[in-house]
Amino acid sequence: MAKIINLYNSIMGKLDLLQPVGLLLARFYVAWVFFKAGLTKLRDWESTLLLFEYEYAVPVLNFEVAAYLATFGEIVLPIMLVLGLFGRKAAIGLFIVNYVAVLSFEDMPAAALNEHVTWGLLMLLVAIWGSGKLSLDKLFNIK
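Going by our numbering, the letters in the sequence shown line up with residues 2 to 144, in that order.
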């Protein structure tokens, strides 16, 4: 039994070494998705405003304010996330942007909803664990 436990502990120790890389990949993937969405909004601002006014039912906020906030969040937060600078805050911010997107688009196809769930879970991991060793947070000792 001790051999099995030692083998298990050895394997898990090696997997622990991959955590910083896993967090970095999660940060890059989600940042890429949201940054692309933000750039799309910027490229055709009139269409963005029309979508926020007539298609997306963002609760509480005026459609124009919602469009500006979403675009800002989709441009700035991914940059912070990639750098791992205030990574937990960036992850929570993108989680909120993601959540509002799901709430606002009533006729979201199941496949798109699954993607949003994946992005949300990845951001929760970063929010819980932090940006990891491969980040500016680690370099500057930011919690």
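Positions of the beta carbon are idealized from the N, C-alpha and C atoms, including for glycine.
When the Cα atoms are used, what is the spatial distance from residue i to residue j?
i	j	result
M81	L40	16 Å
M109	L140	40 Å
L18	F96	26 Å
Q20	V127	11 Å
P100	N115	According to the sequence shown, residue 100 is Tyr rather than Pro. Answer to the nearest angstrom: the Cα atoms are 12 Å apart.
K4	F53	60 Å
Y9	M2	11 Å
Y55	G14	52 Å
Please state whether the Cβ-Cβ distance between residue i and residue j is less than 8 Å.
i	j	result
V98	E75	yes
G88	D138	yes
V31	S105	no
A91	L78	yes
Going by C-alpha distance, which of the options is nearest residue i?
i	options	result
L24	N142, I143, G133	G133
Would DSSP call residue i helix, strand or coil?
i	result
V98	helix
V61	coil
S105	helix
L137	helix
Check whether the segment 20–35 and the segment 115–126 touch, using three or more Cβ-Cβ pairs below 8 Å as the test.
yes
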